[in-house]
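As given, the protein sequences belong to chains A and B, one line each in that order.
Number 55 in full-length UniProt numbering belongs to position 55 of the first sequence; there are no gaps in the numbering.
Number 258 in full-length UniProt numbering belongs to position 258 of the second sequence; there are no gaps in the numbering.
All residues carry an ideal CB built from backbone N, CA and C; glycine is no exception.
Report on the following structure.
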Amino acid sequence: MSTAVAETSRRPHIDLGQHAVVLVVVSILCLVANTVGAGLPVGAGLVGIVVLYAIVMVGLMLAKWMPFYLPSVAWISLVGIVATLNGVPGSQWVVDQVSNVNFLVLATPCLAYAGLAIAREEIDIAKTSGWRIFIVALFVLLGTYLGSVVIADLMLQWQGI
Amino acid sequence: MEALRNTATLWRLHLAVLVITIVSELIGIRKIPIGIGAILLLPLLYAFVFGLLVNPNVVKGARKLIGEREVKAATPLIVIAIMPFIAKFGTTIGPAMDKIIAAGPALLLQELGNLGTIVIAFPIAVWVLRMGREAIGATFSIAREPNIAIIADRYSLKSPEGAGVMGVYVVGTLFGTFAFAIMASLFASFEVFDPRALAMACGVGSGSMMAACSGALASALPEMKDEILALAGASNLLTYATGLYAALFIALPVVEKLYGLCRPGDAAGAPTYAKGE
Numbered sequence: 001m002s003t004a005v006a007e008t009s010r011r012p013h014i015d016l017g018q019h020a021v022v023l024v025v026v027s028i029l030c031l032v033a034n035t036v037g038a039g040l041p042v043g044a045g046l047v048g049i050v051v052l053y054a055i056v057m058v059g060l061m062l063a064k065w066m067p068f069y070l071p072s073v074a075w076i077s078l079v080g081i082v083a084t085l086n087g088v089p090g091s092q093w094v095v096d097q098v099s100n101v102n103f104l105v106l107a108t109p110c111l112a113y114a115g116l117a118i119a120r121e122e123i124d125i126a127k128t129s130g131w132r133i134f135i136v137a138l139f140v141l142l143g144t145y146l147g148s149v150v151i152a153d154l155m156l157q158w159q160g161i
Numbered sequence: 001m002e003a004l005r006n007t008a009t010l011w012r013l014h015l016a017v018l019v020i021t022i023v024s025e026l027i028g029i030r031k032i033p034i035g036i037g038a039i040l041l042l043p044l045l046y047a048f049v050f051g052l053l054v055n056p057n058v059v060k061g062a063r064k065l066i067g068e069r070e071v072k073a074a075t076p077l078i079v080i081a082i083m084p085f086i087a088k089f090g091t092t093i094g095p096a097m098d099k100i101i102a103a104g105p106a107l108l109l110q111e112l113g114n115l116g117t118i119v120i121a122f123p124i125a126v127w128v129l130r131m132g133r134e135a136i137g138a139t140f141s142i143a144r145e146p147n148i149a150i151i152a153d154r155y156s157l158k159s160p161e162g163a164g165v166m167g168v169y170v171v172g173t174l175f176g177t178f179a180f181a182i183m184a185s186l187f188a189s190f191e192v193f194d195p196r197a198l199a200m201a202c203g204v205g206s207g208s209m210m211a212a213c214s215g216a217l218a219s220a221l222p223e224m225k226d227e228i229l230a231l232a233g234a235s236n237l238l239t240y241a242t243g244l245y246a247a248l249f250i251a252l253p254v255v256e257k258l259y260g261l262c263r264p265g266d267a268a269g270a271p272t273y274a275k276g277e
C-alpha cells in the first residue's frame with residue numbers, strides 16, 4: 001500500500017484537459033512558425049500539426065494510464081515511432097502529413113517560453129555560485145558532447161559503416 | 001472550462017511568444033563564419049534571447065508587459081511546448097529504423113560518453129578552480145532533472161554537492177541550447193567526426209538541447225537531415241532509458257572516488273566553501 005502511494009506521488013500528475021487546451025495554443029504557434037519560417041502551405045501544415053497533436057495526446061494518455069512510469073516525452077516519442085514504422089497500417093500517410101511540418105520551427109515557441117521562464121531564483125543561484133560554476137558548466141556541456149561524439153565515432157569506424 | 005480560463009488569463013504570455021516566434025522566424029537562419037569554422041544562428045536561439053529580453057527578471061522595463069505570474073506559468077509550458085517537437089522527432093525515427101539498428105552499438109555505447117563530463121570538467125573544477133565538494137555535484141552529469149533528483153536524494157540540495165548540481169543546471173538552462181547549437185555547428189564544420197556521431201551526441205541533454213543541437217547540425221548538413229534527426233531522437237530516447245542509471249551507478253561513484261583521492265580528509269557533506277577561496 002505505502003509503495004503504491006509512493007509510486008503515484010512520484011509520478012507527475014497529468015491533467016489531460018489542461019494539456020489539451022494548452023497544446024492547442026502551442027499548435028497554433030507552431031503552425032504560424034511553420035508558415036512564416038519554413039514557408040510551407042498553411043493547409044498541409046495544419047493537417048500535419050493536427051497529426052502531431054494526436055500523437056502527443058495519445059502519448060500523454062499512455063503516460064497517465066500505463067501501469068508503469070515513463071516520462072511523457074518518452075511516450076510521445078514512442079507513439080511517433082510506432083505510427084511511422086514500416087508495415088504499420090497508415091504509417092505512410094502519417095509520414096506524408098508530418099513531412100509538411102518543419103521540425104526546426106517547432107522548437108521556436110518552446111525556446112521563447114524558456115527565455116520568459118527564467119525566474120529570479122535562477123538568476124540568484126547563478127550569481128551566488130559565481131563565475132567558477134559557469135566555467136565548470138561550460139566544460140560539463142563540452143565534456144558530455146565531445147565524450148559522446150568520440151565514442152560514437154570510434155564505434156562507427158569499428159563497425160565499418 | 002477551467003482549463004480554458006486558465007489559458008485565457010495568460011494571454012499576455014502567449015501573445016509575447018507569438019510575436020517572438022514570428023520575429024525570430026522572419027530573421028531566419030544566419031551563418032557566421034569564424035576563423036576555425038562556422039556558427040549557425042537559428043530562430044530558436046533568437047527566440048530564447050528575445051524571451052529573456054521581455055522577461056521582467058532580466059530586463060526591469062519589461063515589467064509593464066509581463067508579470068511574475070506569467071513567468072511562473074511559463075516554466076511548465078516549456079515541457080508542453082516541446083511535445084509537438086518530440087512527436088515530430090518520433091516520426092523521423094520510425095522510417096529510419098533500419099539505419100538506427102545498424103548504428104545500434106555506437107548508439108548504445110555513446111551513452112557512456114556522458115562520462116566525458118568527468119574527464120574534462122572534473123579536473124578543471126578541482127585543480128584549476130579549486131572547488132570543494134560542489135565539484136562532485138557539478139561534474140558527475142549534465143545536470144538535468146533526473147540528475148538533480150539523484151543529488152537531492154543522496155546529499156540534499158542544500159549541501160555543497162546540491163549547490164554544484166543546481167549551478168550547472170541553471171547555467172545549462174540558460175545557455176545549454178546555445179552551447180549545444182554552437183558546438184554542433186562548429187564540430188560539423190571541422191569535418192573531423194562522422195556527422196552521425198555528432199547527431200547521436202545531440203541526444204545527451206534535454207529535449208530543447210537536442211532540438212538546438214540537431215537543428216544546427218541539420219542546417220549545416222542539409223543532405224543528411226533525416227538521418228541526423230533520427231539518430232539524435234533515438235539517442236535522446238535512450239538517454240531517458242539509461243541515463244539515470246549510468247549517472248547513479250557509474251558516474252556518481254566514480255566522481256566520489258576521484259574526489260576522495262584528490263582531497264583526502266574532506267568528508268561527505270562537510271561545508272567546504274571556505275577552502276576554495
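Item: Short CB-CB distance (under 8 angstroms) between Pro105 (chain B) and chain A; Value: yes
Item: Alpha helix (DSSP H) segment containing residue 316 (chain B), residue limits; Value: Given a span of 1 to 277 for chain B in the structure shown, any question on residue 316 (chain B) remains unanswerable.
Item: Validate contact between the region 113-120 of chain A and the region 147-156 of chain B using beta carbons, cut 8 angstroms, 3 pairs; Value: no
Item: Residue ranges of each alpha helix (DSSP H) within the region 171-218 of chain B, 4 or longer; Value: 195-201
Item: Any C-beta of chain B under 8 angstroms from that of Ser32 (chain A); Value: Checking the sequence shown, residue 32 (chain A) turns out to be Val, not Ser. Yes, contact with chain B.
Item: Beta-carbon proximity check, Lys225 (chain B) vs Ala232 (chain B), cutoff 8 angstroms; Value: no
Item: Rounded straight-line distance, which links the Cα of Thr35 (chain A) to that of Pro264 (chain B); Value: 60 angstroms
Item: Glu277 (chain B) in three-state terms, based on DSSP; Value: Residue placement at Glu277 (chain B) is poorly supported in this model, since its pLDDT is 31, which falls under 50; the coordinates still yield a value, given next. Coil.
Item: Of the listed residues B:Leu40, B:Glu25 and B:Leu10, nearest to Pro222 (chain B) (C-alpha basis); Value: B:Leu40
Item: Simplified DSSP assignment, three categories, for Arg154 (chain B); Value: helix
Item: Beta-carbon gap between Gly164 (chain B) and Ile82 (chain B) smaller than 8 angstroms; Value: no
Item: Alpha-carbon spacing of Ile136 (chain A) relative to Val54 (chain B), whole angstroms; Value: It is Val, not Ile, that sits at residue 136 (chain A) in the sequence shown. Each residue's Cα considered, the two are about 28 angstroms apart.
Item: Chain A contact residues for Arg196 (chain B), given Cβ-Cβ distances below 8 angstroms; Value: Ala152 and Leu156
Item: Spatially closest choice to Leu137 (chain B) from B:Glu2, B:Val254 and B:Lys72, by CA coordinates; Value: The question names Leu, but residue 137 (chain B) is Gly in the sequence shown. Of the candidates B:Glu2, B:Val254 and B:Lys72, the one whose C-alpha sits nearest the C-alpha of Gly137 (chain B) is B:Val254.
Item: C-beta contact flag for Leu229 (chain B) and Phe85 (chain B) at 8 angstroms; Value: no
Item: Separation of Ala201 (chain B) from Gly90 (chain A), as counted between CA atoms; Value: 31 angstroms
Item: Beta-bridge pairing of Arg30 (chain B) - partner residues as DSSP gives them; Value: B:Leu41
Item: Delimiting residues of the alpha helix (DSSP H) encompassing Met57 (chain A); Value: Val42 to Trp65
Item: Pro33 (chain B), buried or exposed, once every other Cβ within 10 Å from all chains shown has been counted against 16; Value: exposed
Item: Cutoff 8 angstroms: Ala107 (chain A) Cβ touching any chain B Cβ; Value: yes
Item: Start-end ranges of the beta strand (DSSP E) lying completely within the region 97-127 of chain A, minimum 3 residues; Value: none
Item: DSSP state of Ser141 (chain B) mapped onto helix, strand, coil; Value: coil
Item: Residue burial classification, Pro67 (chain A) (beta-carbon count within 10 angstroms, cutoff 16); Value: exposed
Item: Any C-beta of chain A under 8 angstroms from that of Pro264 (chain B); Value: no
Item: Residue of B:Gly94, B:Glu25 and B:Glu68 minimising C-alpha distance to Val79 (chain A); Value: B:Gly94
Item: Three-state secondary structure assigned by DSSP to Phe249 (chain B); Value: helix
Item: The region 233-253 of chain B in contact with the region 63-81 of chain B per 3-pair CB rule at 8 angstroms; Value: no
Item: Buried or exposed by the 16-neighbour rule on C-beta atoms within 10 Å, applied to Val101 (chain A); Value: buried
Item: Residues from the region 95-119 of chain A in contact with chain B, defined by Cβ distance under 8 angstroms; Value: Val95, Val98, Val101, Phe103, Leu104, Val105, Leu106, Ala107, Thr108, Pro109, Cys110, Leu111, Ala112, Tyr113, Ala114, Gly115, Leu116, Ala117, Ile118 and Ala119
Item: Burial state of Arg69 (chain B), where buried means 16 or more other Cβ atoms lie within 10 Å; Value: exposed
Item: Nearest neighbour of Val82 (chain A), chosen from A:Leu70, A:Ser72 and A:Val95 [CA to CA]; Value: A:Val95
Item: Under 7 angstroms by beta carbon: chain A residues contacting Lys158 (chain B); Value: Within 7 angstroms Cβ-Cβ: nothing; Lys158 (chain B) doesn't reach chain A, min ~12 angstroms.
Item: Interfacial residues, the region 33-44 of chain A to chain B, with Cβ spacing under 7 angstroms; Value: Ala33, Val36 and Gly37
Item: Buried versus exposed, by CB contacts within 10 Å (16 or more), His19 (chain A); Value: buried
Item: Among A:Val149, A:Trp158 and A:Ile161, nearest to Gly203 (chain B) - alpha-carbon criterion; Value: A:Val149
Item: Counted within 10 angstroms of its Cβ, other Cβ atoms place Ala220 (chain B) as buried (16 or more) or exposed; Value: buried
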